[in-house]
Amino acid sequence: MSSPSKETEEPSSSSAAVPNGAGGDGCSSEEKAEGPRPPAKRPLSTAVIEISDTDSDDSDVCAVKSYQATADEVKRIRGADQDYSSSSSSSSDYSSDSESAWEDDSVLIESEPPPARLVCAQLNPRAHRMDDPTLNPTIKSQELIDKFKTHWTEQKDLSTPELTLTCSPFRLGLLHGLLANPDMINNIVDDMNTLDWSRKKMDLYEFHQTADLASLTWQRSIRGIHELLKTEVMSWVSAVTGLELTSVSASCSLYGPGDHLLVHDDLLGSRRVAFILYLAPWTCPPQRDQNGDDHVDVDNDTGWSAHMGGALELLARDEEGRPTDVARSVLPANNMLAFFQVGPETFHQVGEVLSLELPRLSINGWFHGRAGEPPAAPEPAAPDQHRPHGDPVVMQSMVEATYMTPRSRAAIQAQMERRSEVSLRDLLQIDFYTSLLEALRQPDLPWERAGPGNERRYLRLPPLWEDSLPLEHPIRQLLKMASGNAWFRLLHDCTDLTLTKYERLELQKWSPGDFTLLPPRSQYASPRLEAVLYLALPARPVCGAHTTYLAPEEHPAPGAEPDAALVTVPPVSNALSLVYCDAGAAGFTKYLSKMTMAPSDHFFILTCTYRE
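So that you can map any letter, position 470 of the sequence shown is 470 in the working numbering, and since no number is skipped, the others follow by simple counting.
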C-alpha cells in the first residue's frame, strides 16, 4: 500500500533510486515499470495543508475556496487511527528511524491552529427601528427652563452642561444632548441615504437639500424627529423666548467639500426662530499638516473639528447696522440644537466645508409665528457716476496692437451683436502687464475692505487714490486708460454703444473666501455694459471667482432651471470680458473657494460699469 500523501505531494527533483531496505518493497509491478521511485524523504514543509470545499467532481480542477485543515481532519481523511506524532505509520509503505530533519512522507506536519473568528465591533449603534426620538428629560426641567428664560430676557450669558446662551453679537441658544436616545441619530442618517436631494447653487449658497420634512412620511426616524420638533421642542423654545410659535418648517441639509452659505439674516415672512440640529455621529479624521503628519485636535465626542470648516458664524455690525466681521463661531456638535430669534441684526453664515472625508449634516429650519411688519430695509445709495476724462493716454503702449486695428474691432462688434458678450484675450502688452503685476504686489498699497458683508467681500484700492501716484506708475496708467475718452472710443468701436459715463471703477484684490452677491434692484434696472479684467491668476485652476449674469426676477421657461445663467465669464488672466446687460439682468462673482488656494494666495480684478 502506497503512502496516502503521494497524491497530494509533488515528487522530488532527484532521480536516484530508493534502496529496497529503506522502507520495504511496497511498489506494484506497474509502478516499477514506470521508472525509479522518487526518494521517500524530503525537508520539513511549512506549507499549509488545504482541503477544498468545492462540489466539483473533477479532481483536476483547482478548488475555488479552501480552508486550513487541522491535524484531526487530515487524520480522518488519511484514514489513520494512530497518533500522528509517532515517527512511524502502519498506513505507510515507508518508515524511517532517522532523527534528522528529514522525515518520512507519512509524518504529518502540523500547522498553526486557525485564528479565532473576528468579531466586528459596531462603531455606530442604531436605535430600534420602532423607537421614536425623545427629548432629553434634563432639558425639560422647569428649573432649567426658568433659569434660561431669565437670562434670555435679561440678555445675560449662561453656561451649564445641558445648555449654553451667548448674547453677543446676538442671542444664540445651544442645547447639548437634545435627544435622550442619541443612537437615533444613526437611524436618521441611515434614512437620509434614502432621500432625494436637490443641489442648491446660487450667489448666496451651494449645498444639497431635501424637501420639507412634513412631506417625508415613510422614513420613520425622520417622521419622528419632525414630530418632536413641532411639539416638544417648539413648546420649549416658545417657553424660554416668550414668543408665540405656531408651526415649523424644516429640511435636511448636506454640505460637502467647498459648500457654503454666505451672509444673510433669515428675516422673511413669518419666521420667528431659526434652528439647526447637528448630526455628526462619527469619529473625525485628524488634521494633517503640510508634511502629511497627523495632528489630533479633534473632539470625537462632538463629531467635528475646526479644521473641517462648516462653522455657524455670527457677524458683528457697524454703526449703520451693516454686517462687518465674524464675531463668534460655533462648530457643529452631534446631537446639539442651535437656535436664535430672527431679526434685522441676526446676520450669520455657514463657513465653507473643508472636510474631504465627512459631510456636514443637519436638520434646519424655522419656527413660525405671528410677526409684525419687518423694518424697511434702507435704500442703497446709488453709485457715483463719472464722465470720461480727456487727459492724454498712450494706449498703444498698453493695449495689444491686434485690438487697435479697425478690422479687429469690427469683428469684435459682430460677435457682440450675436452674443452680447466677448472676451479679449491677452489685452495688455506683455511688458506693461509685467510691470503692472509688480506694482500690484508691492506691500505698501493701501488696500481697504469692501462691504457691506451681505453684498460683497474683497479688498480694493480707495477711489481716486491713483491721482497721488506718478504719471508713469502702471496702476495709474491702467485706471486712467479705463476712464478716458480714448478707451470709450475703443468700446464704441467694439460694441456700437454710445457710452457717456461710468461707475464703480475698481481695482480689486481677491483672496480665498471673497465674493460678490447680486446687487440691489436699482443697480440693474437699466441697460449697461459690464467690463471685467482678470489679472495674475494662479497657474492651477481655481474654484469659483467666475462672473455669472442672470435675470433674477424673470420666471424660467418650462423645463428650464430657475435662475439659469445667461452668461458665465471664466477667470482668465489678462482677458477682458465685455457683457451687455439688458434691464433686469444682474451679475455676481462666485465665492472663491479655499479648497484650491492657500490663505496667502491672491489675484486681481479690474471692474467697471459703463452706461449710455
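Positions of the beta carbon are idealized from the N, C-alpha and C atoms, including for glycine.
Please decide whether residue i counts as near chain C, where near means a Cβ-Cβ distance under 7 Å.
i	result
G372	Annotation note: the requested chain C is absent from the structure, which comprises a single protein chain.
In three-state DSSP terms, what is residue i?
i	result
P599	coil
Y524	helix
E313	strand
G173	strand
F207	strand
E421	strand
P39	Because P39 carries a pLDDT of 46, less than 50, the predicted location of this residue cannot be relied on, and the following value inherits that uncertainty. Note: P39 maps to coil in three-state DSSP.
Q341	strand
A586	strand
M336	strand
N193	coil
K156	coil
V399	strand
V394	coil
S329	strand
H307	helix
Q290	At Q290 the pLDDT is 46, less than 50, meaning the model places this residue with poor confidence; the figure from the coordinates comes in the next sentence. Coil at Q290, not helix or strand.
E162	coil
T547	strand
S468	helix
E143	helix
Y231	This sequence places Thr at residue 231; Tyr is not what is there. If DSSP states are grouped into helix, strand and coil, T231 belongs with the helices.
L135	strand
S168	coil
A121	In this predicted model, A121 has a pLDDT of only 45, less than 50, meaning its place in the structure is not dependable enough to derive any value.
Let me know if residue i comes out buried or exposed under the rule of 16 or more other beta-carbons within 10 Å of its beta-carbon.
i	result
S221	buried
E448	exposed
G372	exposed
V394	exposed
E582	Rather than Glu, the amino acid found at residue 582 in this sequence is Asp. When all chains shown are included, D582 counts as exposed.
G309	buried
K509	buried
W304	buried
P599	exposed
M404	exposed
E438	exposed
P406	exposed
T607	buried
D196	exposed
Q219	buried
D391	exposed
R409	buried
G173	buried
G269	exposed
T547	buried
R199	exposed
Would you mind reading off the limits of the alpha helix (DSSP H) that contains residue i?
i	result
T434	I430 to L440
G224	R220 to L228
G489	Looking at the sequence provided, one finds Arg at residue 489 rather than Gly. Counting along the chain, the alpha helix (DSSP H) containing R489 begins and ends at N485 to T495.
T241	M234 to T241
P474	P474 to A482
Let me check one thing: in DSSP terms, what residues is residue i bridge-paired to?
i	result
E530	V579 and T609
R460	E448 and Q508
G321	For G321, which the question treats as bridged, DSSP gives no partner whatsoever.
E352	E352 is not bridged to any residue.
L535	F604
H128	Partner(s): none; H128 has no beta bridge.
S247	H368
H151	Beta-bridge pairing links H151 to no other residue.
L178	DSSP lists no partner for L178.
Y591	DSSP lists no partner for Y591.
T568	T548
C252	I363
F515	R457
Taking the beta strand (DSSP E) that residue i belongs to, which residues open and close that run?
i	result
H264	H260 to H264
R272	R271 to L279
I363	R360 to H368
R613	Residue 613 lies beyond the range of the chain shown here (1 to 612); nothing can be said about it.
Original post:
Contact between the segment 463-472 and the segment 570-577: three or more CB pairs below 8 Å?
Top reply: no
**OP:** Decide if the segment 592-601 is in contact with the segment 474-486; the criterion is three or more beta carbon pairs, one per stretch, under 8 Å apart.
**Re:** no
Subject >> Cβ pair count under 8 Å reaching 3, the segment 344-353 against the segment 263-279 >> reply: yes
Original post:
Quick check: the segment 171-184 against the segment 325-337, are there 3 or more CB pairs under 8 Å?
Top reply: yes
Original post:
How do the segment 425-439 and the segment 235-242 stand: do at least 3 beta-carbon pairs fall below 8 Å, yes or no?
Top reply: no
Original post:
On the three-pair Cβ rule with 8 Å, is the segment 412-425 touching the segment 216-230?
Top reply: no
Original post:
Are three or more beta carbon pairs between the segment 242-258 and the segment 349-357 nearer than 8 Å?
Top reply: yes
Original post:
At a cut of 8 Å, does the segment 129-141 reach the segment 152-165 through at least three beta carbon pairs?
Top reply: yes
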